[in-house]
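A.B. asks: Reminder that position 173 of the sequence shown reads as 175 in my numbering, one-by-one numbering, no gaps.
No residue lacks a Cβ here, since even glycine has one placed at the ideal position from N, Cα and C.
All figures in this text were calculated on a predicted structure; none of them were measured in a lab.
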Amino acid sequence: MTSNAKKQSAHIFDTLIIGAGISGIAAAIKLNKAGYHNFKIIEKASRVGGTWRENTYPGCGCDVPSALYSYSFAPSAKWSHLFAKQPEILSYLEDVSKKFDVEPLIEFNNELLKAVWDEAQHLWVLDTTLGQYLSRTVIFATGPITEAQIPKIDGLDTFTGEMFHSARWNHDYDLAGKRIAVIGTGASAIQFVPRIQPLAKELYVFQRTAPWVLPKPDMNLGKTGKSVMENMPIIQQSWRKSVATSLNIINFGLRNPKFLKPVNEVGKQLLKLQVKDATLLKDVTPNFLVGCKRILFANDYYPALQQDNTHLIPHGLVKVEGNTVIAANGERHEVDVIIWGTGFEVSHPPIGRKVTNEKGVVLADLWKDTSPEAYLGTSLENTPNAFLVLGPNVLVYDSFIGLAEAQLDFIIDGLLKIKEQGISKLAVKSDVIKKHNDLVQKHIKTTVFNSGGCKSYYLDQNGRNFAAWPWSLKKLKQRLTALNLDDYHVSYIASK
Ligand SMILES: Cc1cc2nc3c(=O)[nH]c(=O)nc-3n(C[C@H](O)[C@H](O)[C@H](O)COP(=O)(O)OP(=O)(O)OC[C@H]3O[C@@H](n4cnc5c(N)ncnc54)[C@H](O)[C@@H]3O)c2cc1C
3 MTSNAKKQSA
13 HIFDTLIIGA
23 GISGIAAAIK
33 LNKAGYHNFK
43 IIEKASRVGG
53 TWRENTYPGC
63 GCDVPSALYS
73 YSFAPSAKWS
83 HLFAKQPEIL
93 SYLEDVSKKF
103 DVEPLIEFNN
113 ELLKAVWDEA
123 QHLWVLDTTL
133 GQYLSRTVIF
143 ATGPITEAQI
153 PKIDGLDTFT
163 GEMFHSARWN
173 HDYDLAGKRI
183 AVIGTGASAI
193 QFVPRIQPLA
203 KELYVFQRTA
213 PWVLPKPDMN
223 LGKTGKSVME
233 NMPIIQQSWR
243 KSVATSLNII
253 NFGLRNPKFL
263 KPVNEVGKQL
273 LKLQVKDATL
283 LKDVTPNFLV
293 GCKRILFAND
303 YYPALQQDNT
313 HLIPHGLVKV
323 EGNTVIAANG
333 ERHEVDVIIW
343 GTGFEVSHPP
353 IGRKVTNEKG
363 VVLADLWKDT
373 SPEAYLGTSL
383 ENTPNAFLVL
393 GPNVLVYDSF
403 IGLAEAQLDF
413 IIDGLLKIKE
423 QGISKLAVKS
433 DVIKKHNDLV
443 QKHIKTTVFN
453 SGGCKSYYLD
463 QNGRNFAAWP
473 WSLKKLKQRL
483 TALNLDDYHV
493 SYIASK
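#1: Could you pull out every unbroken beta strand (DSSP E) segment of at least 3 residues lying fully inside the stretch 355-427, listed in chain order?
#2: Hey, would you say the C-beta of W54 is under 7 Å away from at least one heavy atom of ligand 1?
#3: Run the CB neighbour count on L485, radius 10 Å, all protein chains shown included, and call it buried at 16 or more, exposed below.
#4: Less than 7 Å between C-beta atoms, sequence neighbours within five positions excluded: which residues of the same chain meet that for G157?
#5: Could you tell me how far apart the beta carbons of L282 and L307 are, in whole angstroms, since I believe they sit closer than 8 Å?
#6: Identify whether S137 lies in helix, strand or coil by the three-state DSSP scheme.
#7: Span of the alpha helix (DSSP H) holding N229?
#8: Taking the continuous alpha helix (DSSP H) assigned at K444, which residues delimit it?
#9: Please report the straight-line C-alpha distance between R355 and W369, rounded to a whole angstrom.
#10: Output the distance between the C-alpha atoms of I340 and K35, rounded to the nearest integer angstrom.
#11: Any heavy atom of ligand 1 inside 7 Å of the beta-carbon of E45?
#12: For K203, which residues from the same chain have a beta carbon less than 7 Å from its beta carbon, with the 5 sequence-adjacent residues on both sides left out?
#13: List the endpoints of the continuous alpha helix (DSSP H) containing L282.
#14: Return the first residue and the last residue of the beta strand (DSSP E) that F41 is part of.
#15: Can you determine whether any heavy atom of ligand 1 sits closer than 7 Å to the C-beta of N301, and answer yes or no?
#16: What distance in whole Å lies between the Cβ atoms of T139 and L417, which are believed to be in contact at a cut-off of 8 Å?
#17: Check whether the stretch 114-130 and the stretch 273-282 touch, using three or more Cβ-Cβ pairs below 8 Å as the test.
#18: Report the rounded CA-to-CA distance for L365 versus G224, giving the unit in angstroms.
#19: Hey, G343 and G188: beta-carbon distance below 8 Å or not?
#20: Is the beta carbon of P196 within less than 7 Å of some heavy atom of ligand 1?
#21: Would you check whether ligand 1 has a heavy atom nearer than 7 Å to the C-beta of V357?
#22: Per DSSP, which residues does W241 bridge with? Please list them.
#23: Which of the three DSSP states, helix, strand or coil, is assigned to K116?
#24: I'd like to check one pair, I24 with G63: are the Cβ atoms closer than 8 Å?
#25: Between L273 and L205, what straight-line distance do the alpha-carbon atoms span, to the nearest angstrom?
#26: On a Cα-Cα basis, can you pick out the residue from E113, N112 and V50 that is closest to P89?
#27: With burial defined as no fewer than 16 other Cβ atoms inside 10 Å of the residue's Cβ, what is the status of F412: buried or exposed?
#28: Quick one: give me the first and last residue of the alpha helix (DSSP H) that R55 is part of.
#29: Applying the criterion that 16 or more other CB atoms from any shown protein chain within 10 Å of the CB defines a buried residue, is G393 buried or exposed?
#30: Can you grab the Cα-Cα spacing for the pair A527 / D415, in whole Å?
#31: In or out: T130 buried (at least 16 other Cβ within 10 Å) or exposed?
#32: Would you please verify whether the beta carbon of I43 is less than 8 Å from any beta carbon of chain D?
#33: Just to confirm before moving on: does the CB-CB distance between F15 and Y135 stay below 8 Å?
#34: Indicate whether the contact test is met: 3 or more Cβ pairs, each with one atom in the stretch 420-438 and one in the stretch 252-262, closer than 8 Å.
#35: Return the Cβ separation of A143 and I237 in integer angstroms, given the expectation that the two are a contact with Cβ distance under 8 Å.
#36: Would you call the CB atoms of Q108 and I192 closer than 8 Å?
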């Protein structure tokens with residue numbers, strides 16, 4: 003079939019996985035291992051990797067040590083540093099998909115356009131750029147952090163220079179000798195600012211809120227380190243365990259903010275050691291409790307801000323006039339390029355625009371005035387036989403890979419039950435979702451995300467925390483060990 007040919011599938015899949023990022027690849031590997039083979043992956047891009055294929059900005063890398071930011075079933079001895087950079091993570095994901103024979107299961111360059119639940123047949127009907135598919139179930143592994151966000155700025159259409167978002171880096175544009183405005187000081191910006199600072203003629207960093215940036219305990223593993231990892235897997239396992247233990251301690255603090263106050267003080271002392279200028283120190287000192295927004299780690303960010311060509315503007319960008327960028331305090335600078343480090347739209351998963359539930363409602367319309375609610379981050383109300391990976395309220399300060407794996411264990415347990423018991427429709431009960439989310443919202447109030455004095459991306463437009471799990475990772479994993487059919491309405495159509 004040519005890549006543009008449309009097809010109509012007579013075949014009915016047991017499941018279709020949408021997306022071949024970390025979650026989709028893991029889903030396929032785990033399904034194969036469970037002896038479940040009637041499935042396919044639909045991926046809109048031409049390569050695996052998701053986040054790590056899309057984000058190629060200078061300095062892009064993970065902020066969780068690679069021993070943990072890797073699959074539990076596929077440790078790697080190839081990491082060059084304790085915290086891997088994007089090219090290594092992408093190549094790891096490609097290696098894993100080859101090693102576990104996932105690639106032949108992927109239809110690349112195929113985008114899901116519409117998924118509609120057919121109540122008469124108890125099937126999902128999926129329209130994609132390559133045709134139509136029928137499937138008993140769907141796993142939406144379409145990613146939690148994908149939609150680049152560019153704020154609406156007065157006069158932006160008059161800008162005469164170049165501009166791009168960190169997630170769509172323009173590698174053809176030469177930054178050398180340019181006057182650059184970086185908008186935002188979030189996780190991506192603190193990674194690329196130190197890389198572009200030496201190239202810039204002038205670098206203006208617009209900061210609306212000072213983030214907590216703590217020293218990164220990174221290290222080049224070198225030949226010796228890699229050889230130890232390769233020949234002594236026990237060392238790597240211990241490294242993974244010790245990272246997990248450290249993150250558990252951090253998570254305990256995030257749930258019990260009073261324990262974070264001493265960390266706050268240490269953080270401020272560390273800042274004083276790194277930032278010499280009193281005005282800059284005042285401007286980069288966060289005004290909220292550490293952990294309220296995702297903690298960032300870098301050793302080169304504050305040194306970059308203190309270079310002669312670099313100017314921190316402790317205000318947001320409010321207006322653009324031609325090639326002049328204007329901050330909220332009225333400060334004006336002529337620039338050649340604007341780089342948006344403004345993060346992602348996370349409260350409204352883009353997949354919601356493509357999915358029509360059993361009531362005939364497009365999920366994005368349901369989520370218009372709020373953000374999604376799910377049961378254990380995966381099952382959505384009135385949306386049978388569908389599972390979201392890394393959905394609402396499962397975020398724990400840990401590796402997303404571990405979270406995705408835990409959720410997939412739950413999802414696959416459900417898929418196996420559906421298949422073994424001949425279930426044609428599995429729909430989470432409304433009272434189960436409600437009870438679960440009432441409890442989540444009650445317990446989340448005391449976490450640092452809600453009480454730490456910041457407006458983080460964990461909160462939606464109504465101030466409701468749609469992202470965090472308020473308990474421990476251990477409790478999340480316990481809840482995800484098996485899908486309890488009592489929590490779901492179960493139906494059977496004899497012919498299905
Ligand atoms: C810059 C950046 C840095 C990060 N760093 C860390 C970190 O250090 N530690 C951490 O734990 N997490 C980090 N994250 C979070 C990260 O998103 C997750 O760790 C992980 O990559 C999520 O994987 P995923 O497979 O669920 O989603 P993605 O990686 O987003 O993959 C989704 C896939 O679905 C495909 N897709 C989407 N829609 C469709 C459609 N309609 N049809 C077909 N295919 C579709 C996409 O093309 C993509 O390949 C980071 C995120 C970003 C953006």
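C.D. replies: Once the coordinates are examined:
#1: 388-390
#2: True, at least one ligand heavy atom lies under 7 Å from that Cβ.
#3: buried
#4: K321, V322 and E323
#5: 7 Å
#6: Of the three classes helix, strand and coil, the one that applies to S137 here is strand, per DSSP.
#7: Note on identity: in this sequence residue 229 is Ser, with Asn being the wrong assignment. G224 to N233 is the extent of the alpha helix (DSSP H) around S229.
#8: K444 -> alpha helix (DSSP H) spans S432 to I446.
#9: 10 Å
#10: 47 Å
#11: Yes.
#12: G179, K180, R181 and N311
#13: Annotation for L282: the continuous alpha helix (DSSP H) segment containing it runs A280 to V286.
#14: F41 to I44
#15: no
#16: Confirmed, about 6 Å.
#17: With the rule of 3 Cβ pairs closer than 8 Å, the stretch 114-130 does not count as touching the stretch 273-282.
#18: 48 Å
#19: yes
#20: no
#21: no
#22: None; W241 has no bridge partner.
#23: The answer is strand: DSSP assigns K116 an E or B state.
#24: no
#25: 21 Å
#26: V50
#27: buried
#28: T53 to E56
#29: buried
#30: This structure leaves residue 527 out entirely; the chain is present only between 3 and 498.
#31: buried
#32: Absent here is chain D; the protein component of the structure consists of one chain.
#33: yes
#34: no
#35: No, A143 and I237 are not in contact; Cβ-Cβ is about 31 Å, not under 8 Å.
#36: Checking the sequence, you will find Ile at residue 108 rather than Gln. Taking 8 Å as the Cβ cut-off, I108 and I192 do not qualify as a contacting pair.
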